[in-house]
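Novice: Numbering (this note's numbering), first residue to last: 2 to 275.
#1: Quickly, what does DSSP pair residue 222 with across the bridge? List them, please.
#2: Distance check for residue 233 and residue 209, CA to CA, integer angstroms please.
#3: How far does the beta strand (DSSP E) with residue 120 in it extend, from its first residue to its last?
#4: Have a look at the DSSP bridge pairing and note the partners of residue 66.
#5: Buried or exposed: where does residue 227 fall if 16 or more other Cβ atoms within 10 Å of its Cβ makes it buried?
#6: Output yes or no for whether 7 Å exceeds the beta carbon distance between residue 121 and residue 182.
#7: Could you check how far apart the C-beta atoms of residue 215 and residue 154 are, in whole angstroms? I think they sit under 8 Å.
#8: Do you know offhand how far residue 258's Cα is from residue 250's?
#9: Is it buried or exposed for residue 38, if we count other Cβ within 10 angstroms and need 16 for buried?
#10: Label residue 165 either buried or exposed according to how many other C-beta atoms from any shown protein chain fall within 10 Å of its C-beta, with 16 as the threshold for buried.
#11: Helix, strand or coil, according to DSSP, for residue 139 in the structure here?
#12: Pair every Cβ in the stretch 161-177 with every Cβ in the stretch 136-153, then say whether three or more of these pairs are closer than 8 Å.
#13: With distances taken from CA atoms, which of 192, 191, 175, 179 is nearest residue 185?
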C-alpha cells in the first residue's frame, strides 16, 4: 500500500516536468515586440529584421530554397508581419535559436514563402543561415518540432500543406544543422482524402541510437481507411498499414541515407489519386 501511494505521489510530482519536457519540443509564439531572453534591448522583431524587410528601408538578404532546386531569391515584401514561431535547438554542441516566418504567397508563385532562420545568441545576436522551407501554401513547425539526434544536435521538422474540401496535401521536411547551416534530410509527402469515407496518412518519427555520430531516424506513415455510411455503390474497405523508412547517418556520404525508397513509391501512388 505504501509502495502504491509512493508511486502515485512520485507520478504527480513528475507530471509538471513531463508536460514541460513535452512542451519544450514544440515551438512558441512570443510577441515580436518582446525582448529576447538574456538580451535586454533586443526584440524578436530585431531578429526578424535581419531577414525580412519589415521596416521601410530594410534590404532583404537572398534566401536559398532548402531543396536546392531553384535560385536564391528575396522574400516577398511584407509590412504586416504580426507573428513568428520560435524554437530553441542544439546544433554542433551549441545553443541556437530558430525562427519561422510564414510570409504567404509570392506574387508569381502558387507556393508560399516561409523563411526558417538560424541565430547564434551566445553573444551579440548573429544570423547564421536562412532558407525558404515552403513547398506549399501554409508552412509551420510540426509538433513535436525537434528530434534529438545526438547530445549536442537536434533535427527540425517542418510541415508545408494546403487543403480543400475533400483532400489534404502535406509535405513534411526533416532538417538538420551542420556547420551552422540547414541541410535537408528528406521531404516526405502524404495525402489525405475526406469523401464519404476517410483515408489518412499520419506520420510519426522516433530516433534510434545505433552507435553512429547521429542517431538513426525512423519515420512511419500509418495509412488508414475508414468507410463511411453515406457512400453510394462500392467504397474502400476498412484497412490500416504502416510504411516505415529508417534514415541512418553515412560517414562516407556525410549525410543521412534512407534505408529504402518506400516513401518515393508512396508519393508516386498518391499522385495517381490527386
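Beta carbons: idealized from backbone N, C-alpha and C, even for Gly.
Specialist: Working from what's here:
#1: 204, 244
#2: Cα to Cα, residue 209 sits roughly 45 Å from residue 233.
#3: 113-121 is the span of the beta strand (DSSP E), which, as asked, contains residue 120.
#4: 133
#5: In summary, residue 227 is exposed, with fewer than 16 beta-carbon neighbours lying within 10 Å of its beta-carbon over all protein chains present.
#6: no
#7: Their Cβ separation, rounded to whole angstroms, is 6 Å, which keeps residue 215 and residue 154 in contact under 8 Å.
#8: Cα to Cα, residue 258 sits roughly 6 Å from residue 250.
#9: exposed
#10: exposed
#11: Reduced to three states, the DSSP call for residue 139 is strand.
#12: yes
#13: 175
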